[in-house]
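Each residue of the sequence shown is one higher than the one before, starting from 786 at the first, in the working numbering.
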Amino acid sequence: MDPAFQAALAANRNAWRLFHEQTGAPKQSQEDVLLRLIRQNQQTAFGHEHGFASIKSIRDYRKQVRIADYERFRSYIDDLKTGAQNILTDEPPLMFTMTSGSTGEPKLIPVTESTRASHAALTQLWYGRAFADHPTCATGKVFGLVGAAEEGRTPGGIPYGAASGLIYRSSPGWIQQAHALPYEIAEIKDFEAKYYVAMRLGLEQNVTFLGTPNPSTILRLVECANRYKQDILKDIHDGSLAARFDIAGDIRAAIASRVSPNRQRALELEALMRGEEGLRPKAYWPNLGLIGCWKGGSVGVRLKEFEMWFGPDMPVRDLGYMASEAQMSLPISDNASAGILAIATNFYEFIPESEMGSAHPVTLTADALEIGVDYYLILTTASGLYRYDINDIVRVTDFYEKTPVIEFLRKGRDVTNITGEKLHVNQVIQALKQAQETSHVSVHRFHASADVAQSRYVFAVETDAAANPQTLLGFIGELDAQLGRLNVEYAQKRQSQRLKPPTLWVMKPGWFERKMAAALQRGARDSQFKAQLLSTTLEPTEEILSVVEAKHSAP
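Here it is in structure tokens:
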């Protein structure tokens, strides 16, 4: 065994023992995190303005720092972008991560050395637990996409990009060698080209672990390999990189230097293609031991499509509750999307969902939570976000030792309301699932819109090409009925005809991909793209293939 790998295993065991110990005393662990951040940053501009020097407890902190969203921090971050220091933290930002904002202007989140180190440590802890449970993963290559560490620079010369790229580039050499893909792929701007190159390189290798946050990205990768299978076979056979893809010359040269003719592998893949299923990862990666991706929230609806590509028995483990602002949980099981709250990484406060919006909401620490209750999460991080409302709702599903196990449910305030029905996105997701099972219609993509002008809900879907109008009529009727069962006020409003019957828009093939491509052009990050499943925005009518109106009978 490689000495560096051996040392890493020993370090991981020690890290786990410490983490386990901290979960037994969440109140003390959390107070330690908070007071360390306060002491470290009391001489910053934010620290001076909020009296950090006099903060001695969680109660003091709550008195002197109010809960706020990103806009409260924007002016401070604008200063950081110019190169100013000691603004939010005593550490200068190594970079900024960029994510979409509520106002349309992107948010830049500082990443300090402390942030990078804590993210890397939690990621390594995840790998240690996952690979211990699935030893096959350690026998081959890790396949995963990271984002470009630098997509641009601020006026002060500080890079902004993806933290995953920064962590990859700063990893030890032996870790980078364990990856199937070189960093250069992150620099490819065209997503079709990026996916092609990733799969062209990946199909040559013994991939035993596949991990990237969004399950939609995984599906796009394997679909890409199947779509371009002839090009991939030729490239592997010849040791080339197809000229048809838009790849910058220096990146193409760097990747081309890593490949050579591999006729034997090309013949093996050609044999796999002779079946009716095409080129599928369950055949070309037979030693794949685990998939790591998000399983909860709106993105998790696509997990059911994995079986077709990977087989029915492929284990999938959630990578953890994470966002541009922070990493917040550590899943240690394949069974659900929940993970142990990362108790020593950030300071957390929780507001019961029922309290959000009140003048003086109850604010709880991690030791005071209850199983089955949904909470809005308030973050304090090493990046300089203090009592930051991330607008996420999490649920406590269990406890590990004395620390809550949480799962991400949805973005906050995910409710539409045409006439008092107050429809939740979770109700839409559940109703859609039940309607599919009952009507035997498979929906691949969807977006529900509250059409306030027409007092109805519109469901835009990509569905089976074989679904006939009568089947689709049954589907939208069942969806209407399920919503009424899940939401009594929806049923009441339908019965009183204050809500008209819902409408089904069957969208043209590729509608969602075009929608996603447009979002990416506006600055969204592919690996973290989360579709908004319920809104008041209607899809463009030019994308409609057919329209099916539900019957007028109320659910």
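Beta carbons: idealized from backbone N, C-alpha and C, even for Gly.
What is the rounded straight-line gap between the Cα of residue i and the Cα of residue j?
{"i": "Arg-798", "j": "His-919", "result": "16 Å"}
{"i": "His-1209", "j": "Thr-1201", "result": "7 Å"}
{"i": "Asn-826", "j": "Arg-1230", "result": "45 Å"}
{"i": "Thr-1321", "j": "Asn-999", "result": "24 Å"}
{"i": "Lys-892", "j": "Arg-857", "result": "12 Å"}
{"i": "Ala-795", "j": "Leu-907", "result": "15 Å"}
{"i": "Glu-1247", "j": "Val-818", "result": "46 Å"}
{"i": "Asp-1236", "j": "Leu-1284", "result": "10 Å"}
{"i": "Glu-881", "j": "Thr-897", "result": "The displayed chain sequence assigns Phe, not Glu, to residue 881. C-alpha separation (whole angstroms): 9 Å."}
{"i": "Met-1301", "j": "Ala-1316", "result": "8 Å"}
{"i": "His-1225", "j": "Gly-1085", "result": "20 Å"}
{"i": "Gln-1015", "j": "Gly-958", "result": "33 Å"}
{"i": "Ser-1263", "j": "Thr-1223", "result": "Note that residue 1263 is Glu in the sequence shown, not Ser. Their backbone Cα atoms lie some 8 Å apart in a straight line."}
{"i": "Tyr-1133", "j": "Arg-851", "result": "14 Å"}
{"i": "Trp-1079", "j": "Val-1044", "result": "32 Å"}
{"i": "Pro-1294", "j": "Ile-1329", "result": "10 Å"}
{"i": "Lys-1278", "j": "Met-1093", "result": "40 Å"}
{"i": "Asn-1120", "j": "Ile-973", "result": "35 Å"}
{"i": "Met-786", "j": "Gly-925", "result": "Only weak support exists for where Met-786 lies, its pLDDT of 46 falling under 50; the coordinates are left without a value."}
{"i": "Pro-1189", "j": "Ala-1151", "result": "7 Å"}
{"i": "Phe-1091", "j": "Ser-1240", "result": "37 Å"}
{"i": "Arg-859", "j": "Gln-1282", "result": "45 Å"}
{"i": "Leu-1194", "j": "Gly-1081", "result": "7 Å"}
{"i": "Cys-922", "j": "Phe-916", "result": "6 Å"}
{"i": "Tyr-855", "j": "Ile-894", "result": "9 Å"}
{"i": "Ala-1111", "j": "Leu-910", "result": "16 Å"}
{"i": "Gly-1197", "j": "Arg-1059", "result": "48 Å"}
{"i": "Arg-802", "j": "Arg-844", "result": "30 Å"}
{"i": "Gly-1077", "j": "Pro-1100", "result": "9 Å"}
Who are the near neighbours of residue i in its chain, counting only those whose CB is closer than 7 Å to its CB and skipping five residues on each side?
{"i": "Val-1213", "result": "Ala-1233, Leu-1318, Leu-1319"}
{"i": "Arg-1050", "result": "Glu-989, Ile-1021"}
{"i": "Asp-875", "result": "Gln-825, Asn-826, Gln-828, Thr-829"}
{"i": "Ile-1125", "result": "Thr-808, Ser-1114, Leu-1115, Ile-1117, Tyr-1185, Thr-1188, Val-1190"}
{"i": "Asp-1249", "result": "Val-1226, Ser-1227"}
Excluding five sequence neighbours on each side, which residues of the same chain lie with their C-beta closer than 8 Å to the C-beta of residue i?
{"i": "Arg-901", "result": "Leu-879, Ala-948, Leu-951, Ile-952, Ser-955"}
{"i": "Pro-1146", "result": "Ile-1136, Pro-1137, Glu-1140"}
{"i": "Gln-870", "result": "Pro-877"}
Can residue i and residue j be called in contact, C-beta distance under 7 Å?
{"i": "Ala-978", "j": "Ile-1032", "result": "yes"}
{"i": "Phe-1260", "j": "Ala-1220", "result": "yes"}
{"i": "Tyr-1069", "j": "Leu-1004", "result": "no"}
{"i": "Tyr-1173", "j": "Leu-1164", "result": "yes"}
{"i": "Leu-1026", "j": "Ala-1041", "result": "yes"}
{"i": "Leu-865", "j": "Thr-829", "result": "no"}
{"i": "Ala-933", "j": "Gly-946", "result": "yes"}
{"i": "Ala-1216", "j": "Leu-1258", "result": "no"}
{"i": "Ala-1238", "j": "Pro-1287", "result": "no"}
{"i": "Leu-1289", "j": "Val-1333", "result": "yes"}
{"i": "Gly-1357", "j": "Thr-1002", "result": "This structure does not reach residue 1357, given that the chain is present from 786 up to 1340, and the question cannot be answered."}
{"i": "Ala-1276", "j": "Glu-1324", "result": "no"}
{"i": "Ala-1167", "j": "Ser-1331", "result": "no"}
Got a sec? Which residues, its chain only, sit under 6 Å from residue i by beta carbon, not counting five neighbours each side?
{"i": "Gly-889", "result": "The predicted position of Gly-889 is uncertain, since its pLDDT is 42 and thus under 50; a value taken from the coordinates is nonetheless stated next. Excluding sequence neighbours, Gly-889 sits near nothing in its chain."}
{"i": "Thr-884", "result": "Lys-892, Ser-1109"}
{"i": "Ser-887", "result": "In this prediction, Ser-887 scores a pLDDT of 42, lower than 50, which makes its location untrustworthy; the coordinate-derived value is nonetheless stated afterwards. Within the same chain, Ser-887 has no close Cβ partners at all."}
{"i": "Tyr-1171", "result": "Val-850, Thr-1165"}
{"i": "Gln-807", "result": "Ser-814, Ile-1128, Ala-1129"}
{"i": "Arg-938", "result": "Pro-944"}
{"i": "Gly-1169", "result": "Leu-873, Thr-874, Pro-895"}
What does DSSP give as the partner residues of residue i in its beta bridges?
{"i": "Thr-1148", "result": "Answer is none; Thr-1148 lacks a bridge partner."}
{"i": "Val-1181", "result": "Ile-1191"}
{"i": "Lys-926", "result": "Val-992"}
{"i": "Gly-1077", "result": "Gly-996, Arg-1102"}
{"i": "Leu-1289", "result": "Phe-1244, Val-1333"}
{"i": "Val-896", "result": "Met-880"}
{"i": "Asp-1159", "result": "Arg-1180"}
{"i": "Asp-1236", "result": "Arg-1241"}
{"i": "Arg-938", "result": "Pro-944"}
{"i": "Glu-1134", "result": "Ile-1163"}
{"i": "His-1209", "result": "Val-1200"}
{"i": "Asp-1174", "result": "Ile-1163"}
{"i": "Phe-1231", "result": "Val-1246"}
Examine chain D for any beta-carbon lying closer than 7 Å to the beta-carbon of residue i, and answer yes or no.
{"i": "Thr-1002", "result": "Included in the structure is just one protein chain, with no chain D present."}
Query raised in the report: Is the region 810 to 826 close to the region 838 to 846, with three or more CB pairs under 8 Å?
Result: yes
**Report entry** the region 954 to 971 in contact with the region 1010 to 1024 per 3-pair CB rule at 8 Å
**Finding:** no
Requested in this report: Inspect the CB distances between the region 1051 to 1070 and the region 1177 to 1185 and report whether three or more fall short of 8 Å.
Outcome: no
Report task. For the region 923 to 940 and the region 966 to 974, state whether three or more C-beta atom pairs, one from each stretch, are separated by less than 8 Å. Result -> yes
Query - Cβ contact (3+ pairs, closer than 8 Å) linking the region 1142 to 1158 and the region 1098 to 1106 - result: no
Query raised in the report: For the 8 Å Cβ check, are there 3 or more pairs between the region 980 to 994 and the region 1006 to 1015?
Result: yes
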